[in-house]
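Everything below concerns the one structure shown next.
Number of protein chains: 2
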Amino acid sequence: MTDAPMTAPGPSTATAGEILSRHLTAQAGAFLRALPQAVGEVGSRPGAVVLPSAGTSDLLRAVRRIGGALHTFAASFEEAWAEESRRELRWLLNLLAQEPGYLRRSARLLAALDSLSGSEPDGPGMLAGHAGAPKARALLDRQLTLARTRAHSAVLQDLRSARLHALADRMTLLVGETPLLAAGGELAPQAAGALDALAAGARALPLDRASTPYGGDGLRRLGSVPAPARAQAPAVRGLLDADAALAADDAPWHRVRILVKRARYALEVCARPAAGLDGLDRVLGRHQEASDAAVTAATAARTPRITPATAYVLGVVHADQRLEVEAARYAFGRQWPELSLGLDAWGAPPAPRMA
Amino acid sequence: MTDAPMTAPGPSTATAGEILSRHLTAQAGAFLRALPQAVGEVGSRPGAVVLPSAGTSDLLRAVRRIGGALHTFAASFEEAWAEESRRELRWLLNLLAQEPGYLRRSARLLAALDSLSGSEPDGPGMLAGHAGAPKARALLDRQLTLARTRAHSAVLQDLRSARLHALADRMTLLVGETPLLAAGGELAPQAAGALDALAAGARALPLDRASTPYGGDGLRRLGSVPAPARAQAPAVRGLLDADAALAADDAPWHRVRILVKRARYALEVCARPAAGLDGLDRVLGRHQEASDAAVTAATAARTPRITPATAYVLGVVHADQRLEVEAARYAFGRQWPELSLGLDAWGAPPAPRMA
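Chains as they are written, first to last, in our numbering: chain A, 29 to 383; chain B, 29 to 383.
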């Protein structure tokens, strides 16, 4: 599964509508091919660890691209139809992404714990042989397995729902005829809009701080917590404060991750290379997963009746994952400036017009 | 208190013996002036937090320089006398350094905890408002205050000892006549020996790993633990393993810190500038203090009957300090290569000969 554009570069005479149609037809086709496979996969493994499975991956891939195109090139589509489609695609995305997400999080956290507590003479970690490590490992494994099992049941149920059938029907229609507006906009300015949104999102990040390694942005110097987020921290004030602070600090980075994906998919539609964006996407994916894993470690540490040794190990794991968050931000800060110049210079592609 | 050489550059006709004599006379004079002040300071504050006090700092400064000169220019001194003097100076250094060390460690750990648990809206930490933070803070404060009080009593007792009086007599003699060998060596090759030892020590460090930020050297990828260190881990196997691993990983860096100091002092004797070495000294001082603070956090987490929330916070603090260790190594790896070239080019100073 590569990330190369699926649409071949259209002949220069192709209109914006033709290009969009061809792209969505291809992606909707991929959706419909992957769907039964994904449904079969989910049904056939009641909890078995064989993810990421090909069908689900392909399905997620198509869902993301169709949703991205509907967002970026919104001016070319019937508004109500595009919005409804995007909402249904988001629903499926969230549904499908959960189980593989928990599996990746489990792999990430257990690998971190094993690395931190490894006691091989040629490369032990700071928790080498710590008595709390096996207990913390078992606790994380148990909690994530439970979360994954629940997500699995939810998928299993929703994959038989009328809602999914309606979405499949919607995709079938898309293969035949894309509901394009006759007076829809041009591709290039809309794609440029996605790049602009990304640039604006990146400008809002504290990149000057992130560009200094070991600046403490993941652990010590979180950004401002907006008033609404703070107001949400009532009863168990202490714990929720930290959660609110971390969530508020990570949020702009999570948003930029979405903007990177949208920019990638927009350039794919225009059959333009965007080599750097997939690297950025990976870095921000790592950021998101480390951020989520840190929350899981902090949550596990609040389990009643755990031993102090277990809690201590979870504190180390939490900090370790926040450090990964910080490292990902640093990596982003290193890659972004040059890439940003490249995107600025991207200019307008040969501008096809609506037929 | 500046780190500029205390000996003015000797006229080019000065012999190695004259230069060493002048340097040691000046430092021994500083020792004798600072000693009563330091003794008075220690006696007058039964636990009061007024460190670092001027007298103790001046005394430590002179002790380090005399010890360094006796080591680096060993060929110029009577062997037995120099070795005995160094042993006694080391004893005083360890004695005097303990109390200020605990005070700095306390300040470092409590500041780290306050930063990690700070809940100001404009820059909260990952433990913002965490329920375990005040308890962990009180525990660390209590344990370090106890350690400091013990160190204080030990100093108070030993500053009245015959051993200190004998050392003071030894320093008084040094002001009058330095026991130099008639056939003692030249200064330049001996100073170059100190630089060579530093270069060799730095070569043994895993600088290729440390030069990548967020490489995990402080937390996850500790170096090999030598067999002897591992053999020392008997009864409480789990906990001692981690301690042994961390100690073995930090040891070569601590050794290089000593070598940096010796090289600094050797260049001071030769009245040569060594601007970069004091920066390196500071970085490795930070490395040492973070490493010691990490041990204190890990030790505090083993206190019986603490709550899981306290242990969790101590785990985060432990990881935070190991991250500081990693950051210091990275900073060293950035400064060393260029500085190393400068030291290589240092060449031989105008070579004074023994009279």
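Idealized CB from N, CA, C, for every residue including glycine. Model, not experiment: these values are computed from the prediction.
| said: Quick check on DSSP: helix, strand or coil for residue 235 of chain B? | reply: Within the second sequence, residue 235 of chain B is the residue found at index 207, counting from 1. Correct three-state label for residue 235 of chain B: helix.
| task | Determine, using beta carbons only, whether residue 14 of chain B comes closer than 7 Å to chain A. | result | As shown, chain B starts at 29 and ends at 383. That puts residue 14 of chain B outside it, with no answer to give.
| Cutoff 7 Å; reference residue 370 of chain A; Cβ partners in own chain excluding five residues on either side | Looking up residue 370 of chain A in the first sequence gives position 342. Taken in chain order, the residues that qualify are 304.
| task | Would you check if the distance between the CB atom of residue 226 of chain A and the CB atom of residue 291 of chain A is smaller than 7 Å? | result | In the first sequence, counting from the first residue as 1, residue 226 of chain A sits at position 198. In the first sequence, counting from the first residue as 1, residue 291 of chain A sits at position 263. Cβ atoms of residue 226 of chain A and residue 291 of chain A: closer than 7 Å.
| request: Would you mind sorting residue 228 of chain A into buried or exposed? The rule is 16 or more other CB atoms within 10 Å of its CB. | output: Translated into the one-based positions of the first sequence, residue 228 of chain A becomes position 200. Residue 228 of chain A comes out exposed.
| query | Is there a Cβ from chain A that is less than 7 Å from the Cβ of residue 384 of chain B? | reply | Any question about residue 384 of chain B goes unanswered here, given that chain B covers just 29 to 383.
| task | Check residue 131 of chain A in the structure and name its three-state DSSP category. | result | The residue you call residue 131 of chain A lines up with position 103 of the first sequence. Of the three classes helix, strand and coil, the one that applies to residue 131 of chain A here is helix, per DSSP.
| task | Taking 7 Å as the cut-off, decide whether the C-beta atoms of residue 147 of chain A and residue 269 of chain B are in contact. | result | As a first step, residue 147 of chain A must be located in the first sequence, where it is residue number 119. As a first step, residue 269 of chain B must be located in the second sequence, where it is residue number 241. Yes.
| task | Give a yes or no on contact between the segment 347-355 of chain B and the segment 306-323 of chain B, applying the rule of three or more CB pairs nearer than 8 Å. | result | yes
| task | Output, in chain order, the set of chain B residues within a Cβ distance shorter than 7 Å of residue 155 of chain A. | result | Here residue 155 of chain A corresponds to residue number 127 of the first sequence, with the count starting at 1. Within 7 Å Cβ-Cβ: 270.
| message | Suppose you measure from the CA of residue 267 of chain A to the CA of residue 353 of chain A; what does that come to, to the nearest Å? | response | Stepping through the first sequence from its first residue, residue 267 of chain A is reached at position 239. Stepping through the first sequence from its first residue, residue 353 of chain A is reached at position 325. Note that residue 267 of chain A scores a pLDDT of 48, beneath 50, so its modelled location is shaky; the value from the coordinates is reported in the next line. C-alpha separation (whole angstroms): 20 Å.
| query | If we call anything under 7 Å between Cβ atoms a contact, is residue 250 of chain B one with residue 279 of chain B? | reply | Here residue 250 of chain B corresponds to residue number 222 of the second sequence, with the count starting at 1. Here residue 279 of chain B corresponds to residue number 251 of the second sequence, with the count starting at 1. No, Cβ-Cβ distance for residue 250 of chain B and residue 279 of chain B is not below 7 Å.
| query | Which whole-angstrom value describes the C-beta separation of residue 54 of chain A and residue 87 of chain A, a residue pair presumed to lie in contact below a C-beta threshold of 8 Å? | reply | Numbered from its first residue, the first sequence carries residue 54 of chain A at position 26. Numbered from its first residue, the first sequence carries residue 87 of chain A at position 59. Their Cβ separation, rounded to whole angstroms, is 14 Å, which puts residue 54 of chain A and residue 87 of chain A out of contact at 8 Å.
| Helix, strand or coil at residue 121 of chain B according to DSSP, with G and I counted as helix | For the purposes of this step, residue 121 of chain B is identified with residue 93 of the second sequence, where counting begins at 1. Note: residue 121 of chain B maps to helix in three-state DSSP.
| query | In terms of alpha-carbon separation, which member of A/178, A/141, A/173, A/174 lies closest to residue 160 of chain A? | reply | In the first sequence, counting from the first residue as 1, residue 160 of chain A sits at position 132. Nearest C-alpha to residue 160 of chain A: A/141.
| field | Burial state of residue 200 of chain A (16 or more Cβ within 10 Å) | value | To locate residue 200 of chain A, count along the first sequence from 1; it is residue 172. Exposed, by the Cβ-count rule.
| field | From B/122, B/340, B/139, residue whose alpha carbon lies closest to that of residue 187 of chain B | value | The sequence position of residue 187 of chain B within the second sequence is 159, counting from 1. Closest by alpha carbon: B/122.
| Chain-ordered chain A contacts of residue 348 of chain B [CB-CB under 8 Å] | Here residue 348 of chain B refers to the residue found at position 320 when the second sequence is read from its first residue. Result: 247, 248, 347.
| task | Can you pull the chain A residues whose beta carbon is under 7 Å from the beta carbon of residue 307 of chain B, in chain order? | result | Along the second sequence, one-based indexing puts residue 307 of chain B at 279. Per Cβ cutoff of 7 Å: no residues; residue 307 of chain B is ~17 Å from chain A at best.
| field | Extent of the continuous alpha helix (DSSP H) to which residue 399 of chain B belongs | value | Residue 399 of chain B lies beyond the stretch modelled for chain B, which goes from 29 to 383, so this question has no answer here.
| query | When you compare only the Cα positions, how much space is there between residue 45 of chain A and residue 129 of chain A? | reply | Position 17 of the first sequence, counting from 1, holds the residue named residue 45 of chain A. Position 101 of the first sequence, counting from 1, holds the residue named residue 129 of chain A. Each residue's Cα considered, the two are about 35 Å apart.
| request: Give the single residue among B/215, B/155, B/331 whose Cα lies nearest to the Cα of residue 49 of chain B. | output: Here residue 49 of chain B refers to the residue found at position 21 of the second sequence. For residue 49 of chain B, the nearest C-alpha among the options comes from B/215.
| query | Helix, strand or coil: which one does DSSP assign to residue 101 of chain B? | reply | Residue mapping note: residue 101 of chain B aligns to position 73 of the second sequence, counting from 1. Correct three-state label for residue 101 of chain B: coil.
| Own chain, CB closer than 8 Å to residue 344 of chain B, minus 5 neighbours either side, in chain order | Your numbering for residue 344 of chain B matches position 316 in the second sequence. Taken in chain order, the residues that qualify are 144, 154, 155.
| task | Jot down the residue ranges of each uninterrupted beta strand (DSSP E) in the segment 304-352 of chain B, minimum 3 residues, whole runs only, in chain order. | result | none
| What residues are listed by DSSP as bridge partners for residue 208 of chain A? | For the purposes of this step, residue 208 of chain A is identified with residue 180 of the first sequence, where counting begins at 1. Looking at the DSSP assignment, residue 208 of chain A forms a beta bridge with A/105.
| field | chain B residues whose Cβ lies nearer than 9 Å to that of residue 323 of chain A | value | If you number the first sequence from 1, residue 323 of chain A lands on position 295. Near residue 323 of chain A there are no residues of chain B at all, since even the closest Cβ is about 11 Å away, more than 9 Å.
| said: Quick check: is the beta carbon of residue 318 of chain B nearer than 7 Å to any beta carbon in chain A? | reply: Here residue 318 of chain B refers to the residue found at position 290 of the second sequence. No, its Cβ sits nowhere closer than 7 Å to a Cβ of chain A.
| message | Below 8 Å on C-beta distance, what does residue 81 of chain A contact in chain B? | response | Numbered from its first residue, the first sequence carries residue 81 of chain A at position 53. The contacting residues do not exist; residue 81 of chain A stays about 30 Å from chain B at best.
| Against chain B: residues of the segment 157-173 of chain A by CB proximity under 9 Å | 157, 158, 159, 160, 161
| residue 221 of chain B versus residue 233 of chain B - alpha carbon distance | If you number the second sequence from 1, residue 221 of chain B lands on position 193. If you number the second sequence from 1, residue 233 of chain B lands on position 205. Cα to Cα, the separation comes out at about 19 Å.
| request: Compare the C-beta of residue 48 of chain A with all C-beta atoms of chain B and state if any pair is closer than 7 Å. | output: In the first sequence, residue 48 of chain A corresponds to position 20, counting from 1. No, its Cβ sits nowhere closer than 7 Å to a Cβ of chain B.
| field | Cβ contact (3+ pairs, closer than 8 Å) linking the segment 157-172 of chain B and the segment 131-140 of chain B | value | yes
| said: To be precise: take each residue of the segment 129-153 of chain B, compare its Cβ to all Cβ atoms of chain E, and keep it if any distance is under 7 Å. Which residues remain? | reply: Within the model displayed, chain E is absent; protein chains A and B are what it includes.
| query | To the nearest whole angstrom, what separates the beta carbons of residue 358 of chain A and residue 355 of chain B, a pair I think is in contact under 8 Å? | reply | Counted from its first residue, the first sequence places residue 358 of chain A at position 330. Counted from its first residue, the second sequence places residue 355 of chain B at position 327. About 12 Å separates the two Cβ atoms, so there is no contact after all.
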